[in-house]
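So the protein lines, in turn, are chains S and Y. In our numbering, each residue's number is its place in the first sequence (first place is 1) plus 3. In our numbering, each residue's number is its place in the second sequence (first place is 1) plus 3. For every residue, glycine included, the Cβ atom is placed at its ideal position computed from N, Cα and C. Working notes for the structure below.
There are 2 protein chains.
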Amino acid sequence: MNKFAEFELTKEFRDRFQLALDSRDRQFILESLEEVNPADITSLLYEFNSEESKYVLDILSIEVRSQIINDLDSDARKAFIGVYKPFELIEIINLLDSDDAADILNELPVKTSEEVLVGLDPLLKSQVIDLLRYDENVAGGIMAKELIKARDTWTVVQCIEEIRKQAEQVTKFYAVYVVDDADKLLGRVSLQQLIVTDSRTLVKDIIDDDVVAVETYKEDREVAEIMKKYDLESVPVVNVHGQLVGRITIDDVVDVITEQAEEDRQLMSGITEDVEEDDSVWKNTRARLPWLLIGIFGGMLSARFMGIFELQLAKVTAIAFFVPLIQATGGNVGIQSSSLVVQSLVNPGFVDEGLLGRLAKVFSVAVLNGLFLSIVVFAGTWVIFGNQPINVVVSIALFCVVIFASFIGTVTPLILNRLGFNPALASGPFITTTNDLLGLAIYFLTIHLLL
Amino acid sequence: MNKFAEFELTKEFRDRFQLALDSRDRQFILESLEEVNPADITSLLYEFNSEESKYVLDILSIEVRSQIINDLDSDARKAFIGVYKPFELIEIINLLDSDDAADILNELPVKTSEEVLVGLDPLLKSQVIDLLRYDENVAGGIMAKELIKARDTWTVVQCIEEIRKQAEQVTKFYAVYVVDDADKLLGRVSLQQLIVTDSRTLVKDIIDDDVVAVETYKEDREVAEIMKKYDLESVPVVNVHGQLVGRITIDDVVDVITEQAEEDRQLMSGITEDVEEDDSVWKNTRARLPWLLIGIFGGMLSARFMGIFELQLAKVTAIAFFVPLIQATGGNVGIQSSSLVVQSLVNPGFVDEGLLGRLAKVFSVAVLNGLFLSIVVFAGTWVIFGNQPINVVVSIALFCVVIFASFIGTVTPLILNRLGFNPALASGPFITTTNDLLGLAIYFLTIHLLL
């Protein structure tokens with residue numbers, strides 16, 4: 004009962020630990036980690052290099068070692084398992100659930116992966132081979148093979164016998180899945196139900212046959228939506244024949260949801276690699292450059308475009324003053340619009356009114372916003388610069404920019420989504436750059452027509 | 004076994020359903036919803052108004068009715084429960100878990116809330132009163148009171164007896180919590196463990212005393228982090244005396260994670276209200292206006308600022324050409340930087356190198372990016388506009404903008420976080436507007452010094 008407070012990773016402790024590592028102080032390491040939750044040891048290891056981490060892990064029990072290697076994030080692990088020999092990996096992976104084992108094998112170089120696979124326990128080996136067939140982002144790729152199956156003709160006591168037999172194998176389960184003799188999923192019985200029911204009752208009398216299952220090919224995002232919607236802590240996975248082939252637990256789905264949010268955030272902020280502040284300067288630079296370059300390219304196009312109006316600009320310098328206003332508004336409107344579309348794509352569930360209905364609404368909102376902003380700008384420019392013809396031009400251009408930017412912001416994510424890209428891409432520098440150029444074009448067209 | 008496929012809400016079905024509603028076709032409604040999961044009926048009801056929805060719900064069984072009302076999102080429910088009388092609400096809420104009941108009572112007008120509270124079943128009433136004391140965004144505010152307690156001196160069979168007694172009360176549980184005679188949490192025994200252990204075994208011999216618990220005042224985001232980190236499907240909640248007062252299940256935390264991601268997305272895209280595309284035109288307009296106005300205000304400041312350099316602009320019109328380039332880059336760099344800081348604030352776990360270490364790294368990345376972009380721009384302007392003094396000015400200004408925008412992008416979310424605001428606020432229009440102005444100032448300062 005010593006884990007009420009989380010383990011706090013302080014700079015002092017890390018430095019002391021580094022000393023212990025340098026002097027290979029096995030005693031200190033063992034004692035200081037004895038009461039620590041493996042998940043906290045994992046966080047600690049991120050502070051050290053692969054060789055040092057391996058030294059720590061080799062001191063710990065094989066159970067803790069395999070749990071920590073399983074906890075590591077994929078990038079860290081890829082670097083890390085390079086220092087392990089195949090026979091060491093076999094020992095570690097043999098202790099993992101089939102889904103976690105398959106994840107690690109996926110990260111290994113093909114040759115090592117083959118060597119390790121051959122050495123695994125026969126049951127795990129066959130389970131992993133089955134899992135390796137699936138893409139990482141479908142139900143089959145995140146499911147585990149470990150589950151407890153029962154037949155509907157069994158009694159509760161037979162179920163409990165089966166659970167006892169398999170309890171070693173299956174680490175976490177909340178229900179027993181009931182299948183027929185062709186392995187077709189019939190329903191489930193929760194542990195809770197098993198506990199409170201008389202032991203001579205037949206499974207078929209307490210079965211919950213109103214079960215939501217997902218097919219192996221279902222996308223992980225959809226699986227997450229389904230589990231959220233129906234409030235499930237685990238969901239059985241069936242193949243095209245309706246046969247039970249695995250199960251997905253909510254913790255796997257929590258990872259999917261978190262990764263998805265992170266991916267969206269990165270797309271929205273124009274970062275192209277899965278990068279963290281902690282990564283190397285070079286990796287951080289590289290992850291930022293592509294979108295910055297696209298922005299620069301857009302800026303150069305803007306410059307080139309304004310060059311066409313050089314004479315007009317020389318005559319009425321005030322034209323230039325309002326370029327930032329026009330572009331900033333175009334960018335903001337575009338991002339707001341696309342963000343709402345992305346949100347509606349993530350959380351469907353309403354009847355889709357069709358593209359036309361959607362655009363009609365977006366158009367109404369844009370007209371209201373545009374009118375309001377134009378009036379504000381007209382009044383503002385009047386106050387600051389006095390009564391000048393440019394005021395009218397800017398206000399009218401701004402109105403048009405709001406309309407067009409809304410349109411682009413709405414349509415772009417829909418198109419990206421249709422093409423199979425993540426629509427969140429449209430809420431970032433992509434839309435800003437497009438709308439910067441569009442705004443400029445509208446502005447100078449208005450000038451050309453009215454000034 | 005008919006729920007393998009999700010219920011698909013089509014436009015046809017909705018229109019047919021609307022007809023049935025208009026003609027009060029009780030028969031059709033009952034039959035068409037008979038096999039449908041309540042979660043799907045919830046989605047369907049979003050398509051109709053409160054009166055119509057109530058008509059549907061009143062036809063359904065009270066169990067389904069209360070589950071659907073519980074499933075509704077908070078905004079919809081607030082509008083919706085207005086058409087219910089207190090005695091109807093009492094009947095519905097009596098069937099809910101204490102945490103869900105407290106959520107609904109929180110949404111009711113004070114007078115109705117009082118009336119309903121008085122009518123609830125005594126046990127639920129006392130549980131709800133206890134829960135209403137907590138803020139919505141701390142562990143106490145998301146926990147449920149329903150849990151199964153056991154004493155360490157009990158045998159397994161006594162535990163199972165207790166579970167049988169309380170099974171009606173507690174809908175979903177994965178473990179029994181063990182307490183001492185002062186209600187202090189000692190540990191947990193999983194259902195799985197109970198099932199596989201001989202019934203005469205003492206609880207104290209199978210107790211897992213290495214349990215992570217959270218205090219009532221822990222923030223919900225932190226609870227989510229802890230449950231993710233330690234892979235928990237439920238976590239016990241203790242008060243300051245270490246006494247067990249409730250439990251939080253992973254489905255509550257999934258909601259927290261989802262809401263948090265949505266909130267971040269909205270802040271990043273400059274939307275100020277929790278709004279969906281489906282909401283009214285007016286609500287959509289209102290949610291967008293504040294940040295658009297701030298952007299407009301920034302644009303006006305830009306205009307005013309450029310006005311100071313009117314004479315210089317009239318002389319070298321090309322100065323104006325590069326304003327978009329400078330501002331776009333400043334905005335992009337700022338958002339990238341702040342986004343990475345926000346990410347590191349969301350997923351801590353590394354030793355914090357302190358502000359200086361962080362800034363040193365950000366500075367290095369900025370110098371590399373800045374150098375690269377400046378060279379590209381210098382080469383690009385040379386090609387497009389030929390060899391002109393402005394090329395050098397733009398390149399140098401761009402370099403400085405990248406450095407400063409990185410700095411602002413890094414520091415702003417840290418400051419916001421320190422002040423208790425959501426740092427994601429800094430990844431949106433806030434940072435773009437600031438960096439637009441900053442970029443302009445740096446650009447014209449460079450012009451002033453070098454041209």
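Within the continuous alpha helix (DSSP H) that includes residue i, where are the two ends?
{"i": "S:LYS286", "result": "284–311"}
{"i": "Y:VAL386", "result": "357–388"}
{"i": "Y:ILE62", "result": "53–62"}
{"i": "Y:ARG27", "result": "Element bounds for Y:ARG27: n/a, residue is neither H nor E."}
{"i": "S:PHE324", "result": "321–324"}
{"i": "Y:MET230", "result": "223–232"}
{"i": "S:ASN394", "result": "392–421"}
{"i": "S:HIS244", "result": "Unbroken run through S:HIS244: none, as it is neither H nor E."}
If you follow the beta strand (DSSP E) that residue i is in, where does it begin and where does it stop?
{"i": "S:ILE251", "result": "247–252"}
{"i": "S:PRO239", "result": "237–241"}
{"i": "S:ARG191", "result": "188–193"}
{"i": "Y:ALA153", "result": "152–154"}
{"i": "Y:TYR180", "result": "178–182"}
Do you know how far the Cα of residue j is from the Cα of residue i?
{"i": "S:VAL482", "j": "Y:ALA227", "result": "Missing from the structure shown is residue 482 of chain S; chain S here goes from 4 to 454 and no further."}
{"i": "S:TYR220", "j": "S:GLN246", "result": "14 Å"}
{"i": "S:TYR137", "j": "S:THR115", "result": "20 Å"}
{"i": "Y:GLU11", "j": "Y:ASP43", "result": "8 Å"}
{"i": "Y:GLY431", "j": "S:VAL336", "result": "12 Å"}
{"i": "S:LEU401", "j": "S:VAL395", "result": "10 Å"}
{"i": "Y:VAL119", "j": "Y:SER237", "result": "29 Å"}
{"i": "S:LEU452", "j": "Y:LEU296", "result": "27 Å"}
{"i": "S:LEU314", "j": "Y:GLU225", "result": "60 Å"}
{"i": "S:ARG191", "j": "S:VAL159", "result": "13 Å"}
{"i": "Y:ILE151", "j": "Y:GLU66", "result": "23 Å"}
{"i": "S:MET100", "j": "S:ALA147", "result": "Before going on, a small fix: residue 100 of chain S reads as Asp here, not Met. Straight-line Cα distance between these residues: approximately 7 Å."}
{"i": "S:ILE210", "j": "S:ILE32", "result": "50 Å"}
{"i": "S:THR288", "j": "S:GLY301", "result": "20 Å"}
{"i": "S:GLN21", "j": "Y:THR156", "result": "44 Å"}
{"i": "Y:LYS187", "j": "Y:HIS244", "result": "8 Å"}
{"i": "Y:GLY357", "j": "Y:ILE145", "result": "33 Å"}
{"i": "S:VAL215", "j": "S:VAL86", "result": "43 Å"}
{"i": "Y:TYR177", "j": "Y:ASP255", "result": "15 Å"}
{"i": "S:ASN107", "j": "S:THR174", "result": "Just to set this straight, residue 107 of chain S is Ile in the shown sequence, not Asn. Looking at the two C-alpha atoms, the distance is approximately 18 Å."}
{"i": "Y:GLU265", "j": "S:SER347", "result": "11 Å"}
{"i": "S:ARG167", "j": "S:ARG154", "result": "16 Å"}
{"i": "S:GLU466", "j": "S:LEU48", "result": "Residue numbering for chain S in the displayed model covers 4 to 454; residue 466 of chain S lies beyond these limits and cannot be assessed."}
{"i": "S:VAL39", "j": "S:LYS231", "result": "32 Å"}
Assuming residue i and residue j are in contact, meaning their beta carbons sit under 8 Å apart, how far apart are those beta carbons, in whole angstroms?
{"i": "Y:ILE406", "j": "Y:ALA369", "result": "5 Å"}
{"i": "Y:VAL240", "j": "Y:ALA104", "result": "In fact, because the Cβ distance is near 17 Å, the residues do not count as touching under 8 Å."}
{"i": "Y:LEU60", "j": "Y:ARG68", "result": "5 Å"}
{"i": "S:PRO426", "j": "S:VAL365", "result": "Not quite, the Cβ-Cβ distance comes to about 15 Å (not below 8 Å), so this is no contact."}
{"i": "S:VAL182", "j": "S:LEU189", "result": "6 Å"}
{"i": "Y:ASP28", "j": "S:ARG268", "result": "With a Cβ gap of about 47 Å, Y:ASP28 and S:ARG268 do not count as contacting."}
Any heavy atom of the ligand COA inside 6 Å of the beta-carbon of residue i?
{"i": "Y:VAL119", "result": "You won't find the ligand COA in this model; it holds no ligand whatsoever."}
(request) Residues of the region 315–327 of chain Y with a CB closer than 7 Å to any CB of chain S: list them in chain order, please. (result) LEU316, ALA317, THR320, ALA323, PHE324, PHE325, VAL326, PRO327
(request) Compile a chain-ordered list of the residues in the region 329–350 of chain S whose CB is closer than 9 Å to at least one CB of chain Y. (result) ILE329, GLN330, ALA331, THR332, GLY334, ASN335, VAL336, ILE338, GLN339, SER340, SER341, SER342, LEU343, VAL344, VAL345, GLN346, SER347, VAL349, ASN350
(message) I want to know whether the region 190–206 of chain Y touches the region 197–208 of chain S - three or more CB-CB distances under 8 Å.
(response) yes
(request) Could you run through the region 167–185 of chain S and flag, in chain order, every residue whose CB is less than 7 Å away from some CB of chain Y? (result) ARG167, ALA170, PHE176, TYR177
(request) With 7 Å as the limit, tell me which residues of the region 370–394 of chain Y have their beta carbon closer than that to any beta carbon of chain S; keep them in chain order. (result) LEU371, ASN372, PHE375, LEU376, VAL379, VAL380, GLY383, ILE387
(request) Would you list, in chain order, the members of the region 423–438 of chain S that have their beta-carbon closer than 9 Å to a beta-carbon of chain Y? (result) ALA427, SER430, GLY431, PRO432, THR435, THR436
(request) Anything in the region 193–211 of chain S with a Cβ closer than 8 Å to a Cβ of chain Y? List those residues in chain order, please. (result) LEU194, GLN195, LEU197, ILE198, VAL199
(message) If the cut-off is 9 Å on Cβ atoms, which residues from the region 245–276 of chain Y count as contacting chain S, listed in chain order?
(response) GLY245, THR252, ILE253, ASP254, VAL256, VAL257, ASP258, ILE260, THR261, GLN263, ALA264, GLU265, ASP267, ARG268, GLN269, MET271, SER272, GLY273, ILE274
(request) Pair every Cβ in the region 292–311 of chain S with every Cβ in the region 281–289 of chain Y, then say whether three or more of these pairs are closer than 8 Å. (result) no
(message) Under 8 Å, CB to CB, which of the residues in the region 438–452 of chain S have a partner in chain Y?
(response) ASP439, LEU443
(message) Between the region 316–331 of chain S and the region 432–447 of chain Y, can you find at least three pairs of beta-carbon atoms closer than 8 Å?
(response) yes
(message) To be precise: take each residue of the region 301–313 of chain S, compare its Cβ to all Cβ atoms of chain Y, and keep it if any distance is under 7 Å. Which residues remain?
(response) GLY301, GLY302, MET303, SER305, ALA306, ARG307, MET309, GLY310, GLU313
(request) Report the residues of the region 10–42 of chain Y with a CB closer than 8 Å to any CB of chain S, ordered along the chain. (result) LEU12, THR13, LYS14, ARG17, ASN40, ALA42
(message) Between the region 410–421 of chain Y and the region 380–392 of chain Y, can you find at least three pairs of beta-carbon atoms closer than 8 Å?
(response) no
(message) To be precise: take each residue of the region 130–152 of chain Y, compare its Cβ to all Cβ atoms of chain S, and keep it if any distance is under 9 Å. Which residues remain?
(response) none
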